[in-house]
Amino acid sequence: MEGIGKRVPLVGNLSSPATRLFVRTGAGACICALLLAFDPHVPGLMSSFFFYLLYTYDRPVAEASVLLILLAAAIAPFCGRVSTVAAACGRHPWRVAAVTGAVLALAARYVYHAHPLSMDEYTAWFQSRIFASGALSAHFPPSWLDRLIYQPFQNYFLVVSRASGDVTSAYWPGFALAMAPFSLIGAEWLCNPVLSALTVVAIARTCRLVFPENEAVAGWAILFTVASPVFAGSGISYFAMTGLLLANLVFIWGFLQPTARRLFVSGIVGSLALTFHNPLPHTLFALPWLIWFLGRRPPLRHAAALIAGYAPLTLLLGLGWILFKAHVVAGGAGQLAHAPSQGFLALVASVFSLPSASIFVIRAAGVIKLWVWAVPGLLILACMGYARWRENRAVQLLAASALLTFFAYFFVPFDQGNGWGYRYFHPAWGVLPILAGAAVATGLRNDDGEALPAFRNLAGAFIVCSLLILVPWQLRNIETHISTQLARIPDAPANRRSIVFVFVDRNVFLNDLVQNDPLLRNRSIRMVGKGEQADGEFLRSAHIAATPLPATEFGQVWLIGQ
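The opening residue of the sequence shown carries number 0 in numbering that gives the first Met the number 0; numbering runs sequentially from there.
Pasting the structure below:
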């Protein structure tokens, strides 16, 4: 425990690990701040959601991060005890997980307001409630579809049948199934905090399998994880990425200690990840491991066990869901805003394309998001960890999974829209704290032991500053953003049934706010508004007696009955 409780100077010499970390982290922070200093002012370069979040919330954090690094350098000599905390976290990951889950549950309720903000989130929430009711699809009056679901979202986020009024998720159903038990108790907001808590344990377990002779790695990796704002932001949301991160980590355990039973479990977990949201995130993460596994010519029983684990749920939840969606849209495809794909090749062509100049800009913005939503220097430390352990086969495969995930999205022709951090990369994000933990816990090549305490102290200072400053700041940003959007919805009396017409053409964020329970059990039903006269005519044609309240800028409430 050298250096614990003692002040260790940050700079011993200009080539020390601590100095290199400080300089590289400072340079990275300055580059991010400079890249966000000016708005691009190129129409259509990125979606309104992505642009707004990047320049409204991420830019101030990027600018302040430069000062935060200086603050971390100043307090680094006093952060020797962070090593003790890391060791305790490594010994007791379940305790850290319990505390993390409890804190994130409170944040999901009071920071995120238990509200699925974006359509990606609402779709999973919507489908989980359908599953919890014992059904596969919801049923709306066919003539209400364009009012209950914004028309451009039909057959894009939610698959609809104009003939029957059936509605179901366009995404594969794994995440909605995971959320369904929470829907039974009306606590969908609790799902991701629970998955986040399990992810803490999965990070620790993965570290022990990859670095069996270095127990300290797990503790540092846990600290880098829980101190990164993106872990909290994703963990209190309704996005599927937290579950994908957890599943991908558990998936590789069978490859790190291969037996038929463990590989069978890896196959089951892999099939859950494959069908959790869409198949791309898990496919990209798993591909290096599968290529390496098959390239070793494993025993037939090992390969058979992996396939046997993958096949059942992939067929049931993957192929089965595709066939079910085709059944839902049968008879109404010609009238949909987005007609169903005419085949596999058409589907691939719609999802992938060669990189354009705008995609390079968008992915550069994704790297900035990856930086500002993590512990300062996490990417630098992960690179240092890889350099130190690059001869370790598991480290090579982890790095390959992360790099393949990152670069493959250059061929996806759109940005992530809503979301916290770089959402597309998040299923592979666990690689970063693991490699960073390896760098800090074990030191770097050709460095004497005297330089290690200062290196650890600076890393500990980054963790302290992130946990005490960046995490609360980003949670505040999330709460501000969600509160701002919810405030646009006109207030409806709590003691009266009502219909709230949302004027979706007034603000781009309003499109995502037309949300309802799939069984329309909510006291106040939200619909797409088209003006008081048109809305009144719609209600009369639906034989609903309602009285309008004065309209606001973004909508109007109609009280049902007397």
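Ideal Cβ positions, reconstructed from N, Cα and C, are used throughout, including at glycine. Since the structure is predicted, the reported quantities are computational estimates derived from the model, not experimental observations.
Residue i, enclosing beta strand (DSSP E) - first and last residue
i	result
GLN555	554–559
Rounded C-alpha distance that separates residue i from residue j
i	j	result
ALA131	PRO311	22 angstroms
ALA550	VAL556	7 angstroms
TYR51	ASP516	28 angstroms
VAL499	ALA399	49 angstroms
ILE367	CYS31	6 angstroms
ALA101	SER227	17 angstroms
PHE139	GLY294	51 angstroms
GLY436	SER163	54 angstroms
LEU558	VAL503	20 angstroms
ARG300	PRO287	21 angstroms
SER195	ALA450	34 angstroms
SER14	ALA72	16 angstroms
LEU314	PRO180	23 angstroms
LEU469	ALA307	44 angstroms
PHE37	TYR421	20 angstroms
LEU103	PHE230	10 angstroms
ALA217	CYS206	5 angstroms
ASP119	THR18	42 angstroms
PRO172	GLN256	30 angstroms
GLU62	LEU69	12 angstroms
GLU536	ARG522	21 angstroms
LEU512	ARG146	12 angstroms
Residue interval of the alpha helix (DSSP H) (run including residue i)
i	result
VAL229	228–234
PRO547	That residue, PRO547, is in no alpha helix (DSSP H); its beta strand (DSSP E) goes 545–547.
ILE468	ILE468 -> no alpha helix (DSSP H), and no H or E assigned at all.
SER46	From DSSP, SER46 is part of no alpha helix (DSSP H); its letter is neither H nor E.
ALA85	81–90
TRP288	279–294
ASP145	144–147
ILE68	58–74
ILE488	First-last for ILE488: undefined, no H or E at that position.
TRP320	319–328
ALA435	430–441
ALA493	From DSSP, ALA493 is part of no alpha helix (DSSP H); its letter is neither H nor E.
ASN191	190–209
TYR385	377–388
GLY308	299–312
Closest Cα partner of residue i within the set the options
i	options	result
HIS281	TRP291, GLY242, ARG261 and GLY232	GLY242
PHE275	GLU212, GLN126 and PHE49	GLN126
LEU116	ARG522, ILE488, LEU538 and VAL65	ILE488
ARG128	THR18, PRO59, ARG455 and TRP188	TRP188
PHE77	SER497, PRO452 and GLN514	PRO452
ASN154	ALA325, PRO426 and ILE481	ALA325
GLY564	SER46, GLY25, ARG80 and ILE433	Limits of the chain in this structure are 0 at one end and 561 at the other, which puts residue 564 out of reach.
LEU509	HIS480, ARG495 and ALA533	HIS480
ALA401	GLU390, ASN391, VAL199 and CYS382	CYS382
VAL159	ALA137, TRP171, ALA177 and ALA179	ALA137
MET178	GLN150, VAL200 and TYR121	TYR121
ARG525	SER540, LEU485 and ARG539	LEU485
VAL249	GLY218, GLU536 and VAL264	VAL264
MET45	PHE156, VAL193 and PHE359	PHE359
LEU135	LEU144, ARG146 and ALA123	ALA123
PRO432	ALA87, LEU397, ALA363 and TYR170	LEU397
GLY317	SER168, ASP414 and LEU474	SER168
Residues bridged to residue i (per DSSP)
i	result
GLN153	LEU157
ARG525	VAL499
ASP165	HIS138
Coarse secondary structure for residue i, derived from DSSP in three states
i	result
PHE359	helix
PHE238	coil
ALA137	strand
ASP534	helix
ASP516	coil
ASP38	coil
SER117	coil
ILE184	coil
ALA407	helix
ILE481	helix
THR224	helix
PHE343	Confidence at PHE343 is low in this model, with a pLDDT of 49, below 50, so the placement of that residue should be treated as unreliable; the coordinate-derived value is given next. Note: PHE343 maps to helix in three-state DSSP.
SER270	helix
TYR109	helix
THR258	coil
VAL218	Here residue 218 is Gly; the residue named in the question, Val, does not match the sequence. It is helical.
ARG505	coil
Proximity test, Cβ basis, 7 angstroms: residue i and chain D
i	result
ARG362	Among the protein chains of the structure shown there is no chain D, as only one such chain exists.
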